[in-house]
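Data block below; observations after.
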Amino acid sequence: MNGDPADLRIPWPECGGENRFRAMSDASPLGIFVSDEQGACVYTNAAYHQLSGLTAEQTLGTNWSAAIHPDDRARVLEEWRAALRSDAPFRTEFRFLREDESIVWTRVNSAPLSDSKAPFSRVNTTEDISERKLAELALKAAENALFDERERARVTLNSIGDAVLTSDQEGRVSYMNQVAEAMTGWPCAEAIGRPLEEVFNIIDGITRHVDPNPAEQAIKENRTVGLAPACVLIRRDGVESAIEDSTAPIHDRDGQQAGAVTVFHDVSQSRAMALKMSHLAKHDFLTDLPNRVLLTERIALAIALAQRRRKQVALLFLDLDHFKYINDSLGHSIGDMLLLSAAERLLACVRNTDTVCRQGGDEFVILLAYIDQAQEAAHVAEKLLAEFSRPHLIDGRELYVTLSIGISIYPDDASSGDTAMQNADTAMYHAKTAGRNSYKFFRADMNSQAVRRQSVESNLRRALLNEEFVLFYQPQVDLVSSAIIGAEALIRWRDVDFGLLTPVQFISIAEESGLIVPIGHWVLREACRQTKAWQDAGLPIVPVAVNISAVEFRHKDFLDGVTRVLADTGLEPRYLELELTESILMIDAEASTSVLHALKHMGVQLAIDDFGTGYSSLSYLKRFPIDTLKIDQSFVRDLATDSDDATIVSAVIGMARNLKQRVVAEGVETNEQLVFLQERKCDAGQGYLFSHPLPAEDFALLLCTPPHRPHSPL
Ligand code: C2E
Ligand code: MG
Ligand code: MG
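Just so it is clear: in the sequence shown, position 339 is 339 by my numbering, and no numbers are missing.
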C-alpha cells in the first residue's frame, strides 16, 4: 500500500509493555494505528483491520493517509502536518476508503507519543461515525430543503401581484408581503403584532361604514370568506383603493386553527371602468343626459312612489322644431352643439329631482316626479318655450330653435309608464301640427288621430303619384282701390276617401316625412304654370304667392328649383312671391339672408307670412330683403275687441311703412276689421270678407271682374 507522505517500513518498538498494549488495543472497539511522523503504520489493531478491510501485513509500513478519500485528503493532511508541527493532538473526520473501495465516515483522534522517540511518534484511533454522519447529512439536507422552501415561499409571496397578510388566532398581524406593505402603507416589521383592523382598515365604499373584520369571520366560520363587494381599503396615509378578494383560515400541523390569511388586490381601475361602463349604458354619449334605459327605470320608480304618496307624474315629450334643417344645412357638428346647448337649457328649467333625458335625435323627455296637479307641467312647458325664445350662440351664429311639447300625466292619462310615454309623444305631434312652438296636453281622442296620421302619410305618397293635389287661389285686395293685387296659392288634396282636405290636415305630416319637398315643388310649378296660362289667355294677372315650408327652404336644391320652374314655365319672376315664416328665417338668420338675397336677385318677391307669431329680431328684419309683411290672422281676428291686438296691428303697419314694406292683413272677415285696417292705412287684406280660396277657374273669373267699392264679400 503506497501513499503520502512516505512509504517507510518501521519496526514496532521494542518495549516492555508491548504485549500488554497489544492485548488492550485488540480488545478496543476503536481502530488503532500507531504511525511515524510521515504516517507510515508501525502497528494496527484488530478493529482497524476490520474497519479498513486490510490485514496486519497489508497495513504495516503503509501510510495511513492512503485510506483518505481523495476529496478529503488535502484538508486532512494539512491538519495532520499542523498537528505534527505543534506536536499537538488532533482530531479530524473524513471518508475512509476501505479495501473494497466502499466508504466509511471515520473520526481520527491522533496524539503524540510523548515518551517516544522518533520514529514512533503518534498513536491514532479511528472510529466509524458513518451513522452519525449520515444523520447529520440528512439533517443538513432537510435544513437546506426547509430553507429553500421558505425562501421560495418568501420570493413567491413577494413576487405575486396580490397582497398577502396573515394574522394569528388573536387577530394580530403576523406577516405581510411587499404588496400588502405598499397597499396598507405599513412596513411588515411595524405591522406585526398589531390588531388586523388597524393595519387592514376597510370600509364599505358606498355606505362608508367600517366593514366587518374578514379574519374574524373566516376563523369563526372556519371557511374562506369573500370581502364585501364595494370594499375599500384605507391606506395608513388616508389614500383609498377599491379592493377585492378573500380570507381563509390557516391550520397548523395538527389541524388546529392558527390564524387567517387574507389575499387582496386593487380593483380601483376595474371598478372605475365598471362604473364608467354602467354610466355609458345609461347615458347619452353626446349630452351625457340619462338615456331611454335610465329614463324607463326612473319612470317606474316615480310611478311607484307617486302611488304611495298620492302624487302625480308628468312626462313632457319634446322635439326641437326644424332641427333636421339645421343639421342638414349647417352640418352635424353644429347640430350637435345645438343639441348640447338645448340640453343645458332644459336642465336649467327643471328641479334636480326631475329627469331630463335625450331620447335620440332631437327628441328629449322630461320626467317631473311628484307633482300635485297637471298645471305644474304646463308651467314648466311655458318656461321651456320662453327659454327657447332666446337664440343659441353656436359657432359664432345665432340659431333659433323652438320646441313642440306633448304632456301626459300619470295616472290621469295613462296607467303605465309605457302608455304615458306614447301619449306624451302623441300630444307632441299635435303640438307640432298646431303650428309648433307650443305645448299640448294629451287627450284620449288624439290616439285615433295618431292612427289617422299613419294612413295619411302613406296616402300622401300615393296622392303625389296620382296627382290628387289641386291649388286654390285666394285674392289679396288693395284696401284703397279694392283691386286684386295678388293671389295666394293654397294647396288642397282631393282624397278619394276623405274628400277635400286642407293643408292643416296633411302639411305637417308631409314635412315630417320629407314628402313636402316634392309636394312643394309641385305647388311652385303648378302656381307658376297656371299664372302664366292666365297671362297667355290675356287675363290681367297678379303676382301669385306660394307658401314655402322650412324643409323646402333649407333644401340644397331650393334655389335651383325656383330658377328651373321659372325658366320652364316662362313666368316672369316678378309675378312670383314666396311666403316664408319668421321662424323659418330666424332658425339661421345669416344663411337665410343669403338665400333671400339670391331670390331677390332673381327678381322674385318675398313675403313674411303669419307675421307676429314667431320670434323675430328687428335687426334681421331690416336686413332681409322683404317686400311684404303678412299680419297673422290671429291678430286681425280680435281687432275690434282686443286692444292689445289692435295696438300690435297698428304697430306692425307703422313699422312696415318705415321699412318700406307692403302690409297685408290676413283673415279679414268683417267690415269692422276692414275699416280699422283702412283707417290705419294697411295696404292690403286677404280674407273671407273678400273671397274664400277658390279653384283656379273661379279665381280666373274673379280676375276678370273689375273692382267695385265698397268691397263686399264675394
Ligand atoms: P297661410 O299661408 O297663413 O294661409 C292662410 C290660411 O288662412 C289659409 O288656410 C286660408 O284658407 C285661411 N284663410 C284665409 N282667409 C281667412 C279668413 O278670413 N278666416 C280664416 N279663419 N281663415 C282664412 P289654408 O288654406 O287651410 O292653409 C293653411 C296653411 O297651410 C297656410 O297658412 C300655409 O301655411 C299652409 N299652406 C297652404 N298651402 C301650402 C302649400 O302649398 N305649401 C306649404 N308649404 N304650405 C301651405
Ligand atoms: Mg301663406
Ligand atoms: Mg298666413
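Virtual Cβ for every residue (Gly too), placed ideally from N, Cα, C.
- Distance from Y48 to V34 at the Cβ level is roughly 10 Å; contact not present, criterion being Cβ atoms closer than 8 Å.
- Taking the C-beta atoms as reference points, D204 is found nearer than 7 Å to A230.
- Taking 4 residues as the shortest admissible run, the region 351 to 425 contains the following complete alpha helix (DSSP H) segments, listed from N- to C-terminal end: 375 to 387.
- Look at which beta carbons fall closer than 5 Å to any heavy atom of ligand 2; those residues are N547, E579 and D609.
- Put simply, the backbone Cα of N671 is about 8 Å away from that of L689.
- For E577, the distance from the CB to the nearest heavy atom of ligand 3 is not below 6 Å.
- The alpha-carbon separation between S513 and P503 amounts to approximately 15 Å.
- The DSSP-derived three-state label of R235 is coil.
- In the DSSP assignment, W522 falls outside any beta strand (DSSP E) and lies within the alpha helix (DSSP H) extending over I516 to D536.
- Going by DSSP, Q678 is part of the alpha helix (DSSP H) stretching over N671 to E679.
- Where S35 is concerned, there is no enclosing alpha helix (DSSP H), although the beta strand (DSSP E) around it starts and stops at G31 to S35.
- Annotation: the region 632 to 667 contains the following complete segments of the alpha helix (DSSP H) (minimum length 4 residues), in chain order: 633 to 637 and 643 to 658.
- Cβ contact annotation for A67 (same chain, cutoff 7 Å, sequence separation greater than five): S52, F96 and L97, in chain order.
- Assigned with DSSP and collapsed to three states, R107 falls in strand.
- Beta-bridge pairing by DSSP links W80 to no other residue.
- K440: member of the beta strand (DSSP E) spanning S438 to F441, first to last residue.
- With a 10 Å radius around the Cβ and a threshold of 16 neighbouring Cβ atoms, R554 comes out buried.
- With 16 or more other Cβ atoms from the protein chains shown falling within 10 Å of its own Cβ, I584 counts as buried.
- Short note on P503: C-beta closer than 6 Å to some heavy atom of ligand 1.
- If the five residues before and after A414 are omitted, its C-beta is found closer than 7 Å to the C-beta atoms of S408, A420 and N423, all from its own chain and listed in chain order.
- Proximity to S508 across R443, A656 and Q454 peaks at Q454, based on C-alpha coordinates.
- Non-local beta-carbon contacts of C357 in its own chain, meaning distances under 6 Å to residues more than five positions away in sequence, involve L289, P290, L295 and V365 in chain order.
- Judged by the Cβ position, E666 qualifies as a neighbour of ligand 3 at the 6 Å threshold, a heavy atom of the ligand being closer than this.
- In this structure, T628 lies away from D609, with their beta-carbon atoms at least 7 Å apart.
- The count of Cβ pairs closer than 8 Å, one atom from the region 458 to 476 and one from the region 488 to 498, reaches three, so the stretches are in contact.
- Residue ranges of uninterrupted alpha helix (DSSP H) with 4 or more members, entirely inside the region 195 to 222 and ordered along the chain, are 196 to 199 and 214 to 221.
- The alpha carbon of A300 has as its nearest neighbour, out of D252, A182 and P411, the alpha carbon of P411.
- The nearest non-hydrogen atom of ligand 1 is less than 6 Å from the C-beta of E669.
- For the pair H379 and S404, the Cα-to-Cα distance works out to about 15 Å.
- Relative to ligand 1, the beta carbon of I584 is positioned no closer than 6 Å to any heavy atom.
- Distance check between V199 and each of I219, T207 and S174 places S174 closest, using alpha-carbon atoms only.
- Exposed is the label assigned to G603, since fewer than 16 other Cβ atoms lie within 10 Å of its Cβ.
- Using a Cβ distance threshold of 7 Å, A656 and Q476 do not count as a contacting pair.
- Annotated three-state conformation of Q312 is strand, per DSSP.
- Residue environment: M273 is assigned as exposed (fewer than 16 neighbouring CB atoms within 10 Å of its CB, all protein chains considered).
- Taking 7 Å as the cut-off, the Cβ atoms of L84 and E37 count as close.
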